[in-house]
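Number of protein chains: 2
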Amino acid sequence: MKAGMIGLGAMGAGMAGNLAKAGFLAAIYNRTMEKAETLAKELNVAVFDRIEALAAEVDVVLLCVSADGDVLAVVEAIAQTIKPGSIVVDMSTVSSDTARHAAAILAEKRVSFLDAPVSGGVEGAKNGTLAMMVGGDEDALEKVRPILQAMSARIIHMGITGSGQAAKAVNQVMCAGINQAVTEALAFAQAQQLPMEKLIDAVSGGAAGNWFLQHRGNTMTNNKFAPGFKLALHHKDLKICRAMAEKAQIPLPLTDMTIGDYERLITAGYGDEDISALYRLKKQLFDNS
Amino acid sequence: MKAGMIGLGAMGAGMAGNLAKAGFLAAIYNRTMEKAETLAKELNVAVFDRIEALAAEVDVVLLCVSADGDVLAVVEAIAQTIKPGSIVVDMSTVSSDTARHAAAILAEKRVSFLDAPVSGGVEGAKNGTLAMMVGGDEDALEKVRPILQAMSARIIHMGITGSGQAAKAVNQVMCAGINQAVTEALAFAQAQQLPMEKLIDAVSGGAAGNWFLQHRGNTMTNNKFAPGFKLALHHKDLKICRAMAEKAQIPLPLTDMTIGDYERLITAGYGDEDISALYRLKKQLFDNS
């Protein structure tokens, strides 16, 4: 199986590296061409300047881009040239509606589509330890599973098309709440002048232990907010989640709080920082009090 | 070193088991005598009906009780008979002020006091994998470290007397926020009719991964709320945390929200359930909407 990868951002580049290492990656494409050319040399794979050209050359097209519109534009381009019987796997975080729309476009070409958003941060993408939530046809998933395993430690089939994105929405809602929980607690700790590194070590080992504390606790308390996961992107995801929740008439108080906090941070110029920049706000509040 | 253990609740009984297994436990005491007698037979250790009698017989007294008043009453009793040079280790979750008060009482008898609250749930107590946050004299900690290691996977010296309790307060604040985050997200998932077991498995492997989701996700979504960690006890802890935060003029919005939610649940008769019973409230809200 020959795979092509579209979208080489912080997540996509890490994924492409692992696909190449496992011998699956044949071709890559990125909107910013320079990025693709550099990575193609590094990974020794073909680089294409048009999505249509890449899609004609491979059996499996993987993509990881930023927004709903980008996914649909990429899928429209893929549909022009892709061979019947191929499989398209979208690892972007977008709405379930977009997943269903993309699947419908490709179904007309007798091409399978899987929505397969991931979680695990840039570390997970780089180390091939992502968690992947997959919606769509189970047979198609089994065919591409060896490829996905090159990037993921955990691949879970959630159900029909769109259910991968629905699961990812749950993941993003939980991330928002955990960001609130960890930043609130660590700002409280710092105000008590506890030794932060020791505190983070101790708390990580107990019932409050979590990925975010372990991976972002020491950076945020040292005022380092390099992404990681860009705050403006999580903000975009949470607005999708809120729309889904409103449709179902479901309250998401922590998500609402986080959207508001992120908007204050984006206005203040911190949208390109890691989501742990929420800590700035928690500390500012304390300093102002 | 001969150790005695006072307080054999859900946490204390697990700890006593591990102390006995490691050969340190000589004696136990519990306010409800029957519990102590049963456990004493099981562990083949002495049982005392008075704290003063136990304290006279051992080199290290460990205690794990529920409230500030209980700790001070136990420490007053210990102080009547304990040998100079002994060490008292309090694993209860109480205020830093109580830790300082207890240390002062024992200092008069030339006895060291460590505040050493733990996290890791009943599972951690049973399996000897607790995280322990210790305040007080470092030399005293080194002397009892072999004993504490029988119960803990992680023992962290936080600083002077009271700093163990301050760290635990941070832990309890974080637990409250994570409870909010996990219950909000899982109720959102259930409203979307996602397959919950698979969802919990997938999300656990990514950037939203956390102890609480892994250990309570499947029970709460199956409407099982056996403690675990009693909601009424966490409520008590959070009120201590809020008082500390108010003193320092620090806002703790998630903690405030959780105290309010717990009070609704306690009024409705769920105070003896696990803290994951917060899920009841999240689901009820959705059903009402």
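In order, the protein sequences belong to chains H and S. Residue numbering for the first sequence is 1 to 289, as defined by this note's numbering. Residue numbering for the second sequence is 290 to 578, as defined by this note's numbering. Here a beta-carbon is modelled for each residue, glycine too, at the ideal position from N, C-alpha and C. Remember, predicted model here, so these are calculated numbers, not experimental data.
#### Entry: Neighbourhood of T471 of chain S by C-beta, 6 Å cutoff - its chain only, sequence neighbours within 5 removed
For this step, residue 471 of chain S is matched to residue 182 along the second sequence. It is worth fixing the name first, because residue 471 of chain S is Val in this sequence and not Thr. Taken in chain order, the residues that qualify are F501 and L502.
### Task
Out of S:E341, S:M422 and S:A366, state which residue places its alpha-carbon closest to the alpha-carbon of M244 of chain S.
A question about residue 244 of chain S goes unanswered here, because the residues of chain S that appear run from 290 up to 578.
### Task
Measure from the C-beta of C64 of chain H to each C-beta in chain S and report whether the shortest distance is under 9 Å.
Residue numbering aside, residue 64 of chain H sits at position 64 when the first sequence is read from its first letter. Not an interface residue.
### Task
Could you tell me which of H:Q190, H:H234, H:L233 and H:G206 sits nearest to N222 of chain H, measuring between CA atoms?
Translated into the one-based positions of the first sequence, residue 222 of chain H becomes position 222. It is H:Q190 whose Cα lies nearest to the Cα of N222 of chain H.
### Query
With 16 as the cutoff for other CB atoms within 10 Å, does D526 of chain S come out buried or exposed?
The residue you call residue 526 of chain S lines up with position 237 of the second sequence. Classification for D526 of chain S: buried.
### Task
Measure how close the beta-carbons of P516 of chain S and D550 of chain S come, nearest whole angstrom, since I'm counting them as under 8 Å.
Working through the second sequence from its first residue, we reach residue 516 of chain S at position 227. Working through the second sequence from its first residue, we reach residue 550 of chain S at position 261. 17 Å between Cβ atoms; not a contact.
### Contact list for the region 176-205 of chain H against chain S, Cβ threshold 7 Å
G177, I178, Q180, A181, V182, E184, A185, F188, A189, A191, Q192, L194, P195, K198, L199, D201, A202, V203 and G205
### Task
Consult DSSP for I371 of chain S and reduce its assignment to one of helix, strand or coil.
By 1-based counting over the second sequence, the position of residue 371 of chain S is 82. Three-state result, I371 of chain S: coil.
### Message
How far does the alpha helix (DSSP H) with A26 of chain H in it extend, from its first residue to its last?
### Response
Counting from 1 along the first sequence, the entry for residue 26 of chain H is found at position 26. From DSSP, A26 of chain H is part of no alpha helix (DSSP H) but of the beta strand (DSSP E) over L25 to Y29.
### Residues that F212 of chain H contacts on chain S, provided the C-beta gap is smaller than 9 Å
The residue given as residue 212 of chain H occupies position 212 in the first sequence. Chain S residues near F212 of chain H: A496, A497, G498 and N499.
### Task
Within 10 angstroms of the Cβ of R264 of chain H, are there 16 or more other Cβ atoms? Answer buried if so, exposed if not.
One-based indexing of the first sequence puts residue 264 of chain H at position 264. Label assigned to R264 of chain H: exposed.
### Query
How many angstroms separate the CA atom of S112 of chain H from the CA atom of V94 of chain H?
Position 112 of the first sequence, counted from the start, is the residue given in the question as residue 112 of chain H. Position 94 of the first sequence, counted from the start, is the residue given in the question as residue 94 of chain H. Their backbone Cα atoms lie some 18 Å apart in a straight line.
#### Entry: For A116 of chain H, three-class secondary structure by DSSP
Mapped onto the first sequence, residue 116 of chain H falls at position 116. Coil, per DSSP.
### Task
Please state if the CB of G4 of chain H and the CB of V65 of chain H are separated by a distance shorter than 9 Å.
In the first sequence, residue 65 of chain H corresponds to position 65, counting from 1. In the first sequence, residue 4 of chain H corresponds to position 4, counting from 1. No, the Cβ-Cβ distance between V65 of chain H and G4 of chain H is not below 9 Å.
#### Entry: Beta carbon of G136 of chain H nearer than 9 Å to that of T161 of chain H
In the first sequence, the residue the question calls residue 136 of chain H occupies position 136. In the first sequence, the residue the question calls residue 161 of chain H occupies position 161. Cβ atoms of G136 of chain H and T161 of chain H: closer than 9 Å.
### G410 of chain S, DSSP secondary structure in three states
As a working mapping, residue 410 of chain S is identified with position 121 in the second sequence. DSSP places G410 of chain S in helix when its eight states are reduced to three.
### Query
In three-state terms, what does DSSP make of L252 of chain H?
Locating residue 252 of chain H in the first sequence gives position 252, where the first residue counts as 1. L252 of chain H falls in the coil class under three-state DSSP.
### Straight-line Cα distance separating V75 of chain H from G453 of chain S
Stepping through the second sequence from its first residue, residue 453 of chain S is reached at position 164. Stepping through the first sequence from its first residue, residue 75 of chain H is reached at position 75. Each residue's Cα considered, the two are about 55 Å apart.
### Task
With DSSP collapsed to three states, give me the class of G14 of chain H.
In the first sequence, the residue the question calls residue 14 of chain H occupies position 14. It is helical.
### Task
Run through the region 349-396 of chain S for me and flag every whole alpha helix (DSSP H) of 4 or more residues, listed as ranges in chain order.
357-370 and 385-396
### Message
I'd like the span of the alpha helix (DSSP H) that includes S163 of chain H, first residue to last.
### Response
The sequence position of residue 163 of chain H within the first sequence is 163, counting from 1. Looking at the DSSP string, the run of the alpha helix (DSSP H) that includes S163 of chain H is S163 to A191.
#### Entry: R145 of chain H and D490 of chain S closer than 9 Å at C-beta
On the first sequence, residue 145 of chain H is found 145 positions in, with the first residue counted as 1. On the second sequence, residue 490 of chain S is found 201 positions in, with the first residue counted as 1. Taking 9 Å as the Cβ cut-off, R145 of chain H and D490 of chain S do not qualify as a contacting pair.
### Query
Within the chosen definition, does the region 107-121 of chain H reach the region 73-92 of chain H through at least 3 CB pairs nearer than 8 Å?
yes
### Message
Using the Cβ count rule (16 or more neighbours within 10 Å means buried), how would you classify T98 of chain H?
### Response
Here residue 98 of chain H is taken as the residue at index 98 of the first sequence, counted from 1. Counting Cβ neighbours within 10 Å, T98 of chain H comes out buried, since at least 16 surround it.
### Query
Is any beta-carbon of chain H found at less than 9 Å from that of G306 of chain S?
Position 17 of the second sequence holds residue 306 of chain S. Not an interface residue.
### Task
Could you run through the region 429-454 of chain S and flag, in chain order, every residue whose CB is less than 7 Å away from some CB of chain H?
A442, R443, I445, M447, G448 and S452
### Message
Please identify, using Cβ separations under 9 Å, the residues of the region 520-544 of chain S that lie next to chain H, in order along the chain.
### Response
C530, M533, A534, A537, Q538, I539, P540, L541, P542, L543 and T544
### Task
For G410 of chain S, go through chain H and note every residue whose CB falls closer than 9 Å to its CB, in chain order.
To locate residue 410 of chain S, count along the second sequence from 1; it is residue 121. Within chain H, the residues near G410 of chain S are G206 and A207.
### Message
Is V354 of chain S near the ligand ATP - that is, is its Cβ less than 8 Å away from at least one heavy atom of it?
### Response
Absent from the structure shown: the ligand ATP. Ligands present: none.
### Residues sharing a beta bridge with G159 of chain H, DSSP
Position 159 of the first sequence holds residue 159 of chain H. G159 of chain H is bridged to H:G135.
### Query
With 9 Å set as the bound, which would you pick, yes or no: does the beta-carbon of N222 of chain H sit closer than that to a beta-carbon of chain S?
Taking the first sequence and counting its residues from 1, one reaches residue 222 of chain H at position 222. Not an interface residue.
### Task
Give the straight-line distance between the Cα atoms of K283 of chain H and Q469 of chain S, rounded to the nearest whole angstrom.
On the first sequence, residue 283 of chain H is found 283 positions in, with the first residue counted as 1. On the second sequence, residue 469 of chain S is found 180 positions in, with the first residue counted as 1. Cα-Cα distance, rounded: 21 Å.
### Message
Using a Cβ-Cβ cutoff of less than 6 Å, which residues in the same chain neighbour A46 of chain H once the five nearest sequence positions on both sides are dropped?
### Response
Counted from its first residue, the first sequence places residue 46 of chain H at position 46. For A46 of chain H, where only same-chain residues beyond five positions count, the Cβ hits under 6 Å are A27.
### Task
Using a cut-off of 8 Å between C-beta atoms, extract the partners of G413 of chain S located in chain H.
Residue mapping note: residue 413 of chain S aligns to position 124 of the second sequence, counting from 1. The answer, in chain order, is G206 and A207.
### Query
Out of curiosity, what's the CA-to-CA distance linking M290 of chain S and D359 of chain S?
As a first step, residue 290 of chain S must be located in the second sequence, where it is residue number 1. As a first step, residue 359 of chain S must be located in the second sequence, where it is residue number 70. Going by the C-alpha atoms only, they are around 25 Å apart.
### Endpoints, alpha helix (DSSP H) assigned at I340 of chain S
Along the second sequence, one-based indexing puts residue 340 of chain S at 51. Per DSSP, I340 of chain S belongs to the alpha helix (DSSP H) from I340 to E346.
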